[in-house]
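Numbering-wise (my numbering), the sequence shown opens with residue -1 and increments by one.
Glycine is no exception: its CB is placed at the ideal position from the N, C-alpha and C atoms.
Each remark here refers to the structure printed beneath this line.
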Amino acid sequence: MAIKQLTVFVQNKKGTVVSVTDILSKNDINIRALSIAETQDFGILRLIVNDEKKAEEVLTENGYLIKVIDVVGVKIGDAPGKLSAALGVLDEAGINVEYLYAFMARTEKHAYVVLRVEENAVAEAALTGAGFKMICEADINKL
């Protein structure tokens, strides 16, 4: 049930992010979520898109170093404490969250949280067992 995330390694300089987004736009690829982390010299752009294979192909063709990884997506209520409850489930299950980012759906009053953990299946089972709804690629494509 994991979601495919593109990790794009980019230089930390003016115009780099717009170059990536232009390439995706020109190839009719829609960005559903993104996160960027940077150091002085480079950045790590994490993307959830509607067509991960095509995005990987066109970005690679344009010289970008891409890594595709599976991440966990969980739907949580858009209210105080809901994220903390989900993270508490993972903590109780002994699951370390390496990083996370969230995005809102256009029509629902829920947030979608993308989590990078060591064992996706274990995290998904813990969250599902606690009543959280997992999201998958099909859910992303509906947004």
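Task: Stretch pair the segment 112 to 125 + the segment 60 to 74: three plus CB contacts closer than 8 Å - done: yes
TODO: Taking L136 as part of the beta strand (DSSP E), name the residues at either end of that continuous run.
DONE: In the sequence as displayed, the identity of residue 136 is Ala instead of Leu. Under the DSSP assignment, A136 falls outside any beta strand (DSSP E), being part of the alpha helix (DSSP H) whose first and last residues are E135 to K140.
Task: Beta-bridge partners of F101, as assigned by DSSP - done: Y110
Task: Cα-Cα separation between G86 and I27, rounded to whole angstroms - done: 34 Å
Task: Helix, strand or coil at K12 [DSSP, three-state] - done: coil
Open item on the list: Only counting the same chain, and skipping five residues up and downstream in sequence, which positions put a Cβ closer than 8 Å to that of L57?
Closed with: L4, V6, V18, I21, L22 and I64
- [ ] Mark E59 as exposed unless 16 or more other C-beta atoms lie within 10 angstroms of its C-beta, in which case mark it buried.
- [x] exposed
Open item on the list: Cutting at 7 Å between CB atoms, please list the residues of its own chain near T126, excluding the five before and the five after it.
Closed with: M132
Task: Three-way DSSP call (helix, strand, coil) for A167 in this model - done: What is shown of the chain runs -1 to 141, which leaves residue 167 out entirely.
Task: Selected residue, minimal CA-CA separation from I42, among L81, V8 and F101 - done: V8
Task: Candidates D39, I34 and N25, of which the one nearest N48 by Cα - done: N25
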